[in-house]
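Trainee: Under my numbering, think of the first position of the sequence shown as 536, with each following residue one higher. We put the CB at the ideal spot given by N, CA and C, even for glycine. Computed from a predicted model, the values in this text were never measured in an experiment. If you scroll down you'll find the structure; I have some questions about it.
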Amino acid sequence: MAENITLDAVKKCLRDFPLEARELYLNKTVPCLEQPLSPLEFYREWIGPNKPCVIRNAFSHWPALSKWNPSHLREVVGSKVISVAVTPNGYADAVNQDRFVMPEERLMTFSSLLDVVEGKVESRGVFYVQKQCSNLTEELPELTGDVETHIPWMSEALGKLPDAVNFWLGEASAVTSMHKDHYENLYCVITGEKHFILLPPSDRPFIPYEHYQPAVYRQREDGDFDVVDVADSDKVPWIPLDPLKPDLELYPDYRLACPLHVTVKAGEMLYLPSLWFHHVRQSHGCIAVNFWYDMEYDIKYNYFQLVESLAGAVGPL
Numbered sequence: 536m537a538e539n540i541t542l543d544a545v546k547k548c549l550r551d552f553p554l555e556a557r558e559l560y561l562n563k564t565v566p567c568l569e570q571p572l573s574p575l576e577f578y579r580e581w582i583g584p585n586k587p588c589v590i591r592n593a594f595s596h597w598p599a600l601s602k603w604n605p606s607h608l609r610e611v612v613g614s615k616v617i618s619v620a621v622t623p624n625g626y627a628d629a630v631n632q633d634r635f636v637m638p639e640e641r642l643m644t645f646s647s648l649l650d651v652v653e654g655k656v657e658s659r660g661v662f663y664v665q666k667q668c669s670n671l672t673e674e675l676p677e678l679t680g681d682v683e684t685h686i687p688w689m690s691e692a693l694g695k696l697p698d699a700v701n702f703w704l705g706e707a708s709a710v711t712s713m714h715k716d717h718y719e720n721l722y723c724v725i726t727g728e729k730h731f732i733l734l735p736p737s738d739r740p741f742i743p744y745e746h747y748q749p750a751v752y753r754q755r756e757d758g759d760f761d762v763v764d765v766a767d768s769d770k771v772p773w774i775p776l777d778p779l780k781p782d783l784e785l786y787p788d789y790r791l792a793c794p795l796h797v798t799v800k801a802g803e804m805l806y807l808p809s810l811w812f813h814h815v816r817q818s819h820g821c822i823a824v825n826f827w828y829d830m831e832y833d834i835k836y837n838y839f840q841l842v843e844s845l846a847g848a849v850g851p852l
């Protein structure tokens with residue numbers, strides 16, 4: 536009996552914790568700033584409290600905003616070979632039945648990718664440039680002169696340079712499944728728009744995790760895709776829930792979550808704080824650049840680890 540009472544008490548604390556966070560400091564929508572703040576102000580008002588915001592006029596001086604169209608990109612980097620994620624359904628790094636399936640990583644020229652995105656050639660599968668290894672600076676250095684390789688006020692606020700600068704370009708069907716990152720993320724939309732669903736770290740008790748055998752997609756000669764297990768690999772913890780159509784019968788605790796929806800348009804920057812859960816879609820052919828600054832592994836991270844451990848240990852609330 537005493538053990539049941541203790542478990543019920545822990546579950547109540549985990550249910551109350553996110554509600555208190557909303558009452559104390561979280562916004563009900565994602566605020567929009569008309570211009571960047573000073574490094575000190577941004578750290579004090581957004582990084583420290585771990586709250587997202589959209590920032591306008593943060594990179595209006597970048598030539599990329601006026602130059603990055605298909606014809607320009609073909610001329611400058613059309614012959615470059617880049618890594619492209621290819622999936623049958625647009626879901627890369629996502630749960631498919633009882634597997635965590637990663638995309639087929641295909642090497643192709645930038646012009647070949649644009650042919651697919653512009654509909655000039657027919658191809659089975661969904662294509663997305665999403666290689667998260669500083670692919671802008673590593674694979675497409677010719678484009679760095681049209682942007683910046685760091686955001687000066689963010690670098691000053693954090694006292695460090697970004698670990699990675701990533702280039703994103705894909706089809707409208709390409710979806711980034713719900714996950715979190717250990718980075719302070721500045722996400723800059725160059726063309727088109729991105730649609731984010733965000734949940735704060737304090738909502739972790741309502742977000743399901745399960746462990747899955749990792750696998751990869753492999754496209755056959757007939758165009759269909761196989762799911763091939765990655766041998767000798769540990770199971771991957773991942774979120775099986777799709778926030779676009781959550782299965783509330785299977786994951787009833789998600790009813791208590793309060794996702795925020797925000798669209799980031801061309802010329803706008805999203806500050807996505809570390810450990811925030813996010814799900815991403817985009818308009819067809821949307822181009823973006825994001826900057827990953829390593830988070831501080833301080834007391835906030837320590838608190839999050841505690842909540843995550845408890846949420847994983849007690850099961851459904």
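(1) Helix, strand or coil for Asn-670, going by three-state DSSP, please let me know.
(2) Using the C-alpha atoms, what's the distance from Arg-591 back to Trp-603?
(3) How would you write the range of the beta strand (DSSP E) that Met-804 sits in, first residue to last?
(4) If you reduce the DSSP assignment to three classes, tell me which class Phe-594 lands in.
(5) Considering only C-alpha positions, which residue in the set Ile-732, Glu-683 and Val-661 is nearest to Asp-759?
(6) Tell me, which residues are paired with Asp-567 by DSSP?
(7) Going by C-alpha distance, which of Gln-817, Pro-851 and Leu-678 is nearest Leu-791?
(8) Closer than 6 Å by C-beta to Cys-567: which residues in its own chain qualify, once you throw out the five before and the five after it? Chain order, please.
(9) Taking the straight line between their C-alpha atoms, what separation do you get for Gly-820 and Phe-839?
(10) Just the C-alpha distance for Glu-706 and Cys-548, rounded to the nearest angstrom, thanks.
(11) Using DSSP with H/G/I as helix, E/B as strand and the rest coil, what is Trp-688?
(12) Which residue wins for smallest C-alpha separation from Pro-736, given the options Tyr-752, Tyr-718, Gly-625 and Gly-727?
(13) Going by DSSP, what residue range makes up the alpha helix (DSSP H) through Phe-826?
(14) Could you pull the DSSP bridge partners for Gln-817 from this structure?
(15) To the nearest angstrom, how far is the alpha carbon of Asp-681 from that of Trp-688?
Mentor: If we stick to the structure as given:
(1) helix
(2) 19 Å
(3) 803–807
(4) coil
(5) Val-661
(6) Strictly speaking, residue 567 in this sequence is Cys, with Asp absent from that position. DSSP lists Val-589 as partners of Cys-567.
(7) Pro-851
(8) Val-589
(9) About 36 Å.
(10) 42 Å
(11) helix
(12) Tyr-718
(13) No alpha helix (DSSP H) holds Phe-826; the beta strand (DSSP E) holding it covers 822–829.
(14) Lys-729
(15) Distance between the alpha carbons of Asp-681 and Trp-688 is about 18 Å.
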